[in-house]
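Asks: Numbering (full-length UniProt numbering), first residue to last: 1 to 157.
No residue lacks a Cβ here, since even glycine has one placed at the ideal position from N, Cα and C.
1) Applying the 10 Å Cβ sphere with the 16-neighbour rule, what's the burial state of residue 127?
2) List the residues that DSSP assigns as beta-bridge partners of residue 97.
3) Quick check: the Cα distance between residue 61 and residue 97, rounded to an integer number of angstroms?
4) Put residue 78 into one of helix, strand or coil per three-state DSSP.
5) From residue 119 to residue 101, what distance separates their C-alpha atoms?
6) For residue 208 and residue 57, what's the separation of their Cα atoms in angstroms?
7) Throw me the rounded Cβ distance for the residue 244 and residue 81 pair, which I believe falls under 8 Å.
8) If you draw a straight line from the C-alpha of residue 134 to the C-alpha of residue 92, how long is it?
9) Identify which residue in 63, 87 and 68 has its Cα closest to the Cα of residue 78.
10) Reducing DSSP to helix, strand and coil, say where residue 27 ends up.
11) For the putative contact between residue 124 and residue 106, defined by C-beta atoms under 8 Å, what is the C-beta separation to the nearest angstrom?
12) Beta-carbon within less than 7 Å of residue 59's beta-carbon, same chain only, minus the 5 sequence neighbours each way: which residues are those?
13) Only counting the same chain, and skipping five residues up and downstream in sequence, which positions put a Cβ closer than 6 Å to that of residue 139?
14) Among 86, 85 and 51, whose alpha-carbon lies nearest the alpha-carbon of residue 196?
15) Quick check on the DSSP output: the beta strand (DSSP E) that includes residue 89 runs from which residue to which?
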């Protein structure tokens with residue numbers, strides 16, 4: 001990775017000790033060198049970011065966080081659905097979201113579904129300006145059909 005792109009991606013805190021072969025890497029302070037990126041100070045508005053959403057039908061369930069420090073929001077299916085073995089299905093949430101400026105949404109598979117039922121998520125990027133019904137493409141790589149019911153937690157954003 002070149003110097004300017006490296007600086008843009010990592011900010012000014014990168015260290016030669018962490019990336020000794022990166023051209024243009026700049027030394028950082030001892031304090032930041034010992035902190036992992038997830039523990040470094042963040043602007044206050046980052047901690048207060050909220051997901052704005054609208055329910056598009058009476059079947060929609062509001063996105064929830066499993067805990068205060070959860071990586072994302074749990075999304076729920078708005079309808080019962082079946083994903084046949086070795087096929088895919090588009091599952092609607094009947095939720096419309098407004099992402100914070102400069103952000104995108106990322107729909108990721110839940111580890112339990114992948115490990116137990118061979119269910120994976122495809123096409124998981126939601127653009128900042130997308131205002132339609134959030135649908136999730138589920139792939140069933142298992143040998144048995146997978147049946148999901150109304151309001152089952154299926155994925156995280």
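Replies: On the basis of the coordinates in this document:
1) Residue mapping note: residue 127 aligns to position 127 of the chain shown, counting from 1. That one is exposed.
2) Here residue 97 corresponds to residue number 97 of the chain shown, with the count starting at 1. According to DSSP, residue pairing for residue 97 in a beta bridge involves 53.
3) The count along the chain shown starts at 1 and reaches residue 61 at position 61. The count along the chain shown starts at 1 and reaches residue 97 at position 97. Spanning the two alpha carbons is a distance of roughly 13 Å.
4) Numbered from its first residue, the chain shown carries residue 78 at position 78. For residue 78, the three-state secondary structure derived from DSSP is coil.
5) Stepping through the chain shown from its first residue, residue 119 is reached at position 119. Stepping through the chain shown from its first residue, residue 101 is reached at position 101. Residue 119 and residue 101: Cα-Cα distance of roughly 31 Å.
6) There is no way to answer for residue 208, as the model of the chain reaches only from 1 to 157.
7) The shown model of the chain, from 1 to 157, leaves out residue 244, and the question about it has no answer.
8) On the chain shown, position 134 is the one that residue 134 refers to. On the chain shown, position 92 is the one that residue 92 refers to. Using only the alpha carbons, I get a separation of about 6 Å.
9) For the purposes of this step, residue 78 is taken as the residue at position 78 of the chain shown. In terms of Cα proximity to residue 78, the closest of 63, 87 and 68 is 63.
10) To locate residue 27, count along the chain shown from 1; it is residue 27. Confidence at residue 27 is low in this model, with a pLDDT of 44, below 50, so its placement is unreliable and the value that follows should be read with caution. Three-state DSSP puts residue 27 in coil, outside helix and strand.
11) Counting from one through the chain shown, the residue named residue 124 turns up at place 124. Counting from one through the chain shown, the residue named residue 106 turns up at place 106. Between residue 106 and residue 124 the Cβ distance is about 6 Å, and since that is below 8 Å, they are a contact.
12) For the purposes of this step, residue 59 is taken as the residue at position 59 of the chain shown. Here the set comprises 78, 79, 94 and 150.
13) Along the chain shown, read from residue 1 onward, the residue named residue 139 stands at position 139. Cβ within range, chain order: 88, 120 and 122.
14) Examination of residue 196 is not possible in this model, given that the chain is present from 1 through 157 alone.
15) Position 89 of the chain shown, counting from 1, holds the residue named residue 89. Counting along the chain, the beta strand (DSSP E) containing residue 89 begins and ends at 88–92.
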